[in-house]
Each structure stands twice: as C-alpha cells, then as structure tokens.
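When we follow our numbering, the leftmost residue of the sequence shown carries the number 4, and every step to the right adds one.
Using N, Cα and C, we set each Cβ at its ideal position, and we do this for glycine too.
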Amino acid sequence: MVPHEGHLMTEERNQESEMTGQILDGKATAMVVREGVAARVAALVADGVQPGLAVVLVGEDPASQVYVRNKDKAASAAGIAVQTRKLAAETTQAELEAVVLELNEDAAVHGILVQLPLPKGLDEQRVVEVISPEKDVDGLHPANVAALVQGVEGLLPCTPAGCIELLDRHDIALEGKHVVVIGRSQLVGKPVAQLALGRNATVTICHSRTKDLAAEVARADVIVAAVGWAELVQGDWVKPGAVVLDVGINRGEDGKLVGDVDFEAASQRASWITPVPGGVGPMTIAMLLSNTVMACARQTGRVETLIEDGLETSRS
Ligand code: GUN
Numbered sequence: 004m005v006p007h008e009g010h011l012m013t014e015e016r017n018q019e020s021e022m023t024g025q026i027l028d029g030k031a032t033a034m035v036v037r038e039g040v041a042a043r044v045a046a047l048v049a050d051g052v053q054p055g056l057a058v059v060l061v062g063e064d065p066a067s068q069v070y071v072r073n074k075d076k077a078a079s080a081a082g083i084a085v086q087t088r089k090l091a092a093e094t095t096q097a098e099l100e101a102v103v104l105e106l107n108e109d110a111a112v113h114g115i116l117v118q119l120p121l122p123k124g125l126d127e128q129r130v131v132e133v134i135s136p137e138k139d140v141d142g143l144h145p146a147n148v149a150a151l152v153q154g155v156e157g158l159l160p161c162t163p164a165g166c167i168e169l170l171d172r173h174d175i176a177l178e179g180k181h182v183v184v185i186g187r188s189q190l191v192g193k194p195v196a197q198l199a200l201g202r203n204a205t206v207t208i209c210h211s212r213t214k215d216l217a218a219e220v221a222r223a224d225v226i227v228a229a230v231g232w233a234e235l236v237q238g239d240w241v242k243p244g245a246v247v248l249d250v251g252i253n254r255g256e257d258g259k260l261v262g263d264v265d266f267e268a269a270s271q272r273a274s275w276i277t278p279v280p281g282g283v284g285p286m287t288i289a290m291l292l293s294n295t296v297m298a299c300a301r302q303t304g305r306v307e308t309l310i311e312d313g314l315e316t317s318r319s
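Take a look at the structure:
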C-alpha cells in the first residue's frame with residue numbers, strides 16, 4: 004500500500020508530538036521462548052535423549068556468578084540437565100582447557116559455555132577455540148563465526164540472536180532499515196551487525212573512534228546499543244519512531260542498573276524500546292537454552308524444523 008498524504012501527515016504528527024515508546028518486554032518474550040524450549044526438551048526426552056549443558060565459571064567475579072546462577076536455574080526449569088563447573092581463579096590455562104576437552108568428549112553434554120570474562124592470565128580466545136564447534140552454544144568459536152558471516156548453519160551467539168528474536172516476535176522487520184550498532188565486540192556488536200545484514204538491513208557499526216556518534220545514531224531506524232557505557236545514547240539523538248535495543252547493563256551513580264541509553268528521554272521518541280533490566284538480558288538466557296536444544300538435536304541425529312509457532316523435532 005502506498006500511503007496517501009493524509010496518512011503520512013498523521014504519522015508524522017504522531018512521531019513529532021505523541022510518540023512514546025512501547026516496551027519491548029524481553030522478560031515476557033523470554034518466558035514464551037523458554038516455554039517453547041521446554042516443549043522441545045520434552046520431545047527429545049520422550050525420544051530417549053536428555054539435553055545437557057555444561058557451564059564453566061572460573062574465579063569469583065560477582066556479576067559472572069549471578070549470570071551463571073541464572074543460566075543454571077533457567078536450564079533446569081526447561082528440563083535441561085545442567086552442570087556448573089566452578090574452577091578457582093588460579094586455574095591454569097592447561098587445566099581449563101583440560102576441563103573443556105573432557106566436556107567435548109562427554110556424550111551427555113551437548114552444550115558448553117565458558118563464562119566470560121576469564122580471570123587475567125587466561126587466554127579467552129584459545130579456550131573458545133578448544134570448545135567443539137557443535138557444542139559451542141555461545142556461538143563464539145571461529146567455525147560458528149564463519150558460519151554466521153557465510154550465512155550457513157552453525158550456532159548463533161545468544162545476545163545477538165536474542166535481539167533478533169525479540170524483534171521477530173514483535174513483527175518488527177529489518178529489511179531496508181538502517182540499523183546503527185554501537186559497539187564492535189565479538190560477543191554482541193559484530194555478530195548483531197551480521198545478523199541485521201542477513202535480514203537485508205543497511206548496517207552502520209559505530210565505535211570509540213566514530214567521529215560524530217550522535218549524527219550516526221540520528222539516522223538510525225533501529226539502534227542497537229552495546230558498548231557498556233551508562234546512558235551514553237541521549238534521548239534527542241533518537242530519530243522519532245526509531246526502535247531501540249539496549250544491550251548495556253551498567254551500574255548508575257545511585258547503584259541502580261541502567262543501560263547504554265537514557266531510557267526516560269529515548270522512550271519519548273522511540274516507537275519501541277527495551278528496558279534495562281528486563282529487555283535484552285532475559286532473551287540472552289532464553290537463546291542459550293534454545294541453542295542447547297538445537298545442538299542436542301543435531302548431535303543425536305535429529306532435525307529441528309521451523310513450524311508456525313516454534314520448532315519441531317524429528318529424526319533425520
Ligand atoms: N559474559 C557476558 N555475556 C556473556 C555471554 O553471552 N557468554 C559468555 N560465555 N560470557 C558472557
């Protein structure tokens with residue numbers, strides 16, 4: 004449909020004066036995804052396979068301890084057999100790699116996640132490369148990164164996959180949109196940019212050397228803020244009607260959790276916006292569970308097929 008002038012004017016007026024962002028509720032959406040995962044787990048169990056996940060935590064970083072506990076709880080709730088390996092901060096590279104190699108060989112473990120960041124002195128890249136790509140439910144192994152870039156089957160990193168899932172489940176299409184990603188991390192920025200490209204978006208990746216961040220953001224139909232800088236993105240940078248995905252989790256001056264976007268101001272202009280907490284964060288965990296089930300299905304010779312409201316498992 005080609006909108007006629009009157010339609011356009013109404014839309015513009017709405018965008019100028021009345022736009023208040025609808026909440027992209029990651030918590031509620033993640034629960035729906037997790038219910039789907041639980042059903043897929045149940046189908047595999049009924050077929051004689053118990054999906055298993057191993058989470059490796061090295062050291063005592065408080066934030067990592069919380070994340071790992073949440074992953075453990077969510078996996079158990081979905082019926083996944085989860086084991087958390089807690090290793091001392093003094094663990095050597097060789098010891099950590101030995102644990103990963105042992106998990107690679109364990110047929111009851113279909114997914115392996117080594118919580119990052121690792122304590123100083125441990126080589127994260129090397130550890131990730133030791134994980135068997137089929138079990139790399141974090142999607143960080145070079146083979147999975149290549150699969151993402153080439154658009155072939157692999158395992159997707161959880162936070163970027165969660166961002167796309169959140170958009171999909173709200174019928175927010177990326178095709179032809181200008182997506183501006185702030186941050187170029189291996190974990191989020193680079194892969195989310197690739198996923199958006201795969202959906203036929205035009206993608207700009209901004210980073211610490213970007214000359215005029217505000218001007219880049221102002222052109223975005225969709226903003227993905229993943230830089231870890233509290234409330235960096237100002238409300239008046241946001242184009243009226245833009246969609247805002249805030250991946251940041253930062254402690255504000257008052258100790259409260261805040262994202263990379265000034266939520267109050269940005270929500271006056273955005274059409275959709277994720278809160279922090281309760282936005283992208285819960286989706287990350289949901290996608291980890293989904294990846295684990297997918298990895299399990301593939302490793303046990305089953306295929307998962309996309310059906311209207313989820314995935315269906317069958318023997319290949
Ligand atoms: N630390 C923060 N986010 C992540 C993640 O998605 N995966 C891992 N392994 N560590 C993280």
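Exercise. How many whole angstroms separate the CB atoms of alanine 1 and alanine 199, which I take to be in contact at a CB cut-off of 8 Å?
Worked result: Residue coverage of the chain in this structure runs from 4 to 319, which leaves residue 1 outside it and unanswerable.
Problem set entry | 6 Å CB neighbourhood of proline 280 in its chain, flanking five on each side removed | Around proline 280: Leu260.
Exercise. Quick one, are the C-beta atoms of leucine 151 and valine 133 less than 9 Å apart?
Worked result: No, they are not a contact pair.
Exercise. Does any heavy atom of the ligand GUN sit closer than 8 Å to the C-beta of glutamine 118?
Worked result: It does: the Cβ of glutamine 118 is within 8 Å (strictly closer) of some heavy atom of the ligand GUN.
For this session: Could you name the residues of the same chain whose beta carbon sits closer than 6 Å to that of serine 79, not counting the 5 residues immediately before and after it, in chain order?
Result: Val85, listed in sequence order.
Exercise. Looking at the structure shown, is arginine 129 part of a helix, part of a strand, or coil, going by DSSP?
Worked result: Of the three classes helix, strand and coil, the one that applies to arginine 129 here is helix, per DSSP.
Exercise. Taking the Cβ atom as the reference point for each residue, do leucine 292 and leucine 169 lie within a distance shorter than 9 Å?
Worked result: No.
Problem set entry | Environment of histidine 173 [buried if 16+ CB atoms lie within 10 Å] | Exposed, by the Cβ-count rule.
For this session: Examine the ligand GUN and report whether any of its heavy atoms sits within less than 8 Å of the Cβ of cysteine 299.
Result: Shortest gap from the CB of cysteine 299 to any heavy atom of the ligand GUN: 8 Å or more.
Exercise. Hey, would you say the C-beta of aspartate 263 is under 8 Å away from at least one heavy atom of the ligand GUN?
Worked result: No, the Cβ of aspartate 263 stays beyond 8 Å of every heavy atom of the ligand GUN.
Problem set entry | Nearest residue (CA-CA) to glycine 82, options Gly258, Gln53, Ile115 and Leu106 | The residue with the shortest Cα to Cα distance from glycine 82 is Gln53.
Exercise. What residues in its chain sit with their C-beta under 7 Å from that of leucine 106, if we drop five residues either side in the sequence?
Worked result: Hits under 7 Å: Ala57, Val112 and Ile115.
For this session: Please report how far the alpha carbon of threonine 205 lies from the alpha carbon of glycine 51, in whole angstroms.
Result: Annotation: threonine 205 to glycine 51 spans about 44 Å, alpha carbon to alpha carbon.
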